[in-house]
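Numbering (this note's numbering), first residue to last: 1 to 153.
All C-beta atoms in this analysis are idealised placements derived from N, C-alpha and C, irrespective of residue type, glycine included.
The structure appears right after this line, and notes come after that.
In structure tokens:
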């Protein structure tokens, strides 16, 4: 059995900062390579508090807090994003990710969110106006408007 410290939520195992024991192969072949966990050591256990503080800043505490965040997101208007595209083309070379959306929300003066609250219905691969959902709480969902602009490569 391997002793590890989780860095993110892992289904049926625990949350960030939890120290758990799992089978060696599961830790070595799945959790550690994907960055879901780090090997437990005395130095790493000291970092647990840092991991938990970082997660706490992004976590939505309760229904009232989720409603406050929803109001803040609705007040932002359309979030501006840029993607690489060929000159004169409306099709992006890649797609817009949930992480890029969260970063753009923060850059626009919005709240700091976890990228897992963003629900991408379809891949965003074109320039223009799009809408994505954000599930802030089981009872609170908000649509975030995006405006994607092309940057010539």
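Pair within 7 Å by beta-carbon distance, residue i and residue j
i           : j           : result
residue 98  : residue 115 : yes
residue 113 : residue 102 : yes
residue 147 : residue 125 : no
residue 36  : residue 10  : yes
Three-state secondary structure (DSSP) of residue i
i           : result
residue 103 : helix
residue 63  : helix
residue 119 : strand
residue 98  : helix
residue 6   : strand
residue 108 : coil
residue 90  : coil
Alpha-carbon spacing of residue i relative to residue j, whole angstroms
i           : j           : result
residue 143 : residue 1   : 44 Å
residue 7   : residue 50  : 10 Å
residue 118 : residue 71  : 16 Å
residue 120 : residue 132 : 6 Å
residue 67  : residue 80  : 23 Å
residue 30  : residue 94  : 26 Å
residue 63  : residue 140 : 8 Å
Per-residue burial, residue i [other beta carbons within 10 Å of its own, 16 or more giving buried]
i           : result
residue 151 : exposed
residue 138 : exposed
Can you list, in chain order, the stretches of the alpha helix (DSSP H) that have 4 or more residues and sit fully within the stretch 11-60? 42-58
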